[in-house]
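Worksheet: one structure, shown below.
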Amino acid sequence: MKLSDIGERRIIDLISRDREPDDCAVLNMGSFDLLLSTDVITRKTHIPEGASPEMAGSFFAAINLSDIAADAGIPVGFLVSLSISPDYDMEYLKRFYSGIYSKLSEFNIGIIGGDTKEGDDFTASGTIIGRQKPSLIRRRSDIAVNHYVLVTNSLGRSGAGYLFYKNSYKTEYGIKMLEIHPRIMEAQILSMAGARFMMDLSDGIYSSIYQMKHDYNIGFKIDYNKIKKDPDVSRAAQISGVSESDIVMSFGGDYELFFTVEKNNYDSFKNRINKYKIDAYIIGETYDGPNMVYYDSWVNVNERGYEHFLKDPLDKK
Numbered sequence: 433m434k435l436s437d438i439g440e441r442r443i444i445d446l447i448s449r450d451r452e453p454d455d456c457a458v459l460n461m462g463s464f465d466l467l468l469s470t471d472v473i474t475r476k477t478h479i480p481e482g483a484s485p486e487m488a489g490s491f492f493a494a495i496n497l498s499d500i501a502a503d504a505g506i507p508v509g510f511l512v513s514l515s516i517s518p519d520y521d522m523e524y525l526k527r528f529y530s531g532i533y534s535k536l537s538e539f540n541i542g543i544i545g546g547d548t549k550e551g552d553d554f555t556a557s558g559t560i561i562g563r564q565k566p567s568l569i570r571r572r573s574d575i576a577v578n579h580y581v582l583v584t585n586s587l588g589r590s591g592a593g594y595l596f597y598k599n600s601y602k603t604e605y606g607i608k609m610l611e612i613h614p615r616i617m618e619a620q621i622l623s624m625a626g627a628r629f630m631m632d633l634s635d636g637i638y639s640s641i642y643q644m645k646h647d648y649n650i651g652f653k654i655d656y657n658k659i660k661k662d663p664d665v666s667r668a669a670q671i672s673g674v675s676e677s678d679i680v681m682s683f684g685g686d687y688e689l690f691f692t693v694e695k696n697n698y699d700s701f702k703n704r705i706n707k708y709k710i711d712a713y714i715i716g717e718t719y720d721g722p723n724m725v726y727y728d729s730w731v732n733v734n735e736r737g738y739e740h741f742l743k744d745p746l747d748k749k
């Protein structure tokens, strides 16, 4: 059985033991919890042609930071390990690290360790460390029925950028796939205001609700018409033939926050976050039933969304 036959989530099911599915591992340190997560990029898979080393480094740091945001944590340090071909120029490496430092500096942290090894091409592995009071950490296991489902900002920007890039249309838009903004500050405010379940939309809404149904047997009712679409989505759909709904729901890469609020606490929650001008809005609710999405009518969905290792990463089987 090849990895390409079963996909990322089935692989994790088969190799993981005693691991709660979440964006970060959590270690209790007494008065606070330590948050740890890791993410990897490779040149072939993650860095589009024409992207500067600085942009690649910034993207690499940002996707790691986003895991801390997904648990509403505070980042404290970053470790970087590289496997890199000796044929690379030292200037590329210096500029890649410049991009990392630039993104980390937005959150007042730096690189605290790592390793560098000779390899065949270019692979970067990051380990992000954060902390938070136990009462403010937001976990996937906080999910429950009768919650409103919310998301931050617009969706589809990264998917649209990818399609521009793949269709050789305004190639500079493809580079925008790498312009990730980890919602670190927003997540902490949302948590303090009363958010419950939280994760980042690294792989899209379809993937997220599929995972949550699989892991916790909680169903989602999502109203597609309530989602704010990035302005580039419509044009990307026109030039690629991919539907707007697939760009918004399936592609992922936006790294926005996807979270819930208890219905009886929503008014208080909204009043508190409005003071900070955070763009977070209701797109659905959780309930005891199958995942449903409303387009022109309610549709029962069991799509997995984006999934690594599959021959077709947007396989809808």
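In terms of our numbering, the sequence shown opens at residue 433 and continues consecutively. From the three backbone atoms N, C-alpha and C, an ideal C-beta is built for every residue, glycine too. Keep in mind it's a predicted model, so treat the numbers as computed, not measured.
Short CB-CB distance (under 8 angstroms) between G546 and chain C: Protein chain content of the structure displayed is limited to a single chain, and chain C is not contained in it.
Q564 versus P722, I612, I500 and K645, residue with shortest Cα-Cα distance: I500
Given 8 angstroms, three or more beta-carbon pairs between the stretch 582–595 and the stretch 676–695: yes
According to DSSP, residues forming a beta bridge with E402: The displayed coordinates of the chain run from 433 to 749. Any statement about residue 402 would go beyond what the structure contains.
When A502, L536 and G593 are compared against F683, the one with the closest alpha-carbon: Minimum Cα distance to F683 is reached at G593.
The stretch 454–461 contacting the stretch 478–493, beta-carbon criterion three pairs below 8 angstroms: no
Between the CA atoms of A625 and F491 - distance to the nearest angstrom: 29 angstroms
Contact under 8 angstroms by Cβ, M681 with Y638: yes
Spatial neighbours of E550 in its chain, beta-carbon cut-off 8 angstroms, leaving aside the 5 residues before and after: S515, I516, S517 and P518
Beta carbon of R571 nearer than 8 angstroms to that of M644: no
Any 3 or more C-beta pairs closer than 8 angstroms across the stretch 645–654 and the stretch 695–707: no
Beta-carbon contacts of N496 that lie in its chain and below 6 angstroms, excluding the five residues immediately before and after: D471, G558 and I560.
Integer-rounded CB distance, given that F510 should sit under 8 angstroms from I543: 5 angstroms
Option nearest S600 by Cα separation, candidates V733, E481 and P507: Selected option, being the one with the closest Cα: E481.
Which of helix, strand or coil DSSP assigns to P485: helix
Best match in G546, I654 and G531 for proximity to I612 [C-alpha to C-alpha]: G531
Sequence-distant residues of its chain with Cβ nearer than 7 angstroms to S672 (five each side left out): L595 and N599
Continuous beta strand (DSSP E) assignments of at least 3 residues falling wholly in the stretch 625–669: 627–632 and 651–655
For M522 and D635, the rounded distance between their alpha carbons: 33 angstroms
C-alpha gap between V577 and N734, whole angstroms: 18 angstroms
For G397, the first and last residue of its enclosing alpha helix (DSSP H): With the chain running from 433 to 749 in the structure shown, residue 397 is simply not present.
Uninterrupted beta strand (DSSP E) stretches inside the stretch 704–735 (no shorter than 3 residues): 712–719, 724–726 and 730–732
For T692, the nearest candidate out of D553, G505 and Y713 (CA to CA): Y713
Rounded straight-line distance, which links the Cα of R615 to that of E688: 7 angstroms
DSSP bridge partner residues for L459 (one or two, in chain order): In DSSP, L459 forms a bridge with L466.
Given S609 as reference, the closest of A494, I575, A556 and G562 once Cα atoms are compared: The amino acid occupying residue 609 in the given sequence is Met; Ser does not appear at that position. Comparing C-alpha distances from M609 to each of A494, I575, A556 and G562 shows the shortest one belongs to A494.
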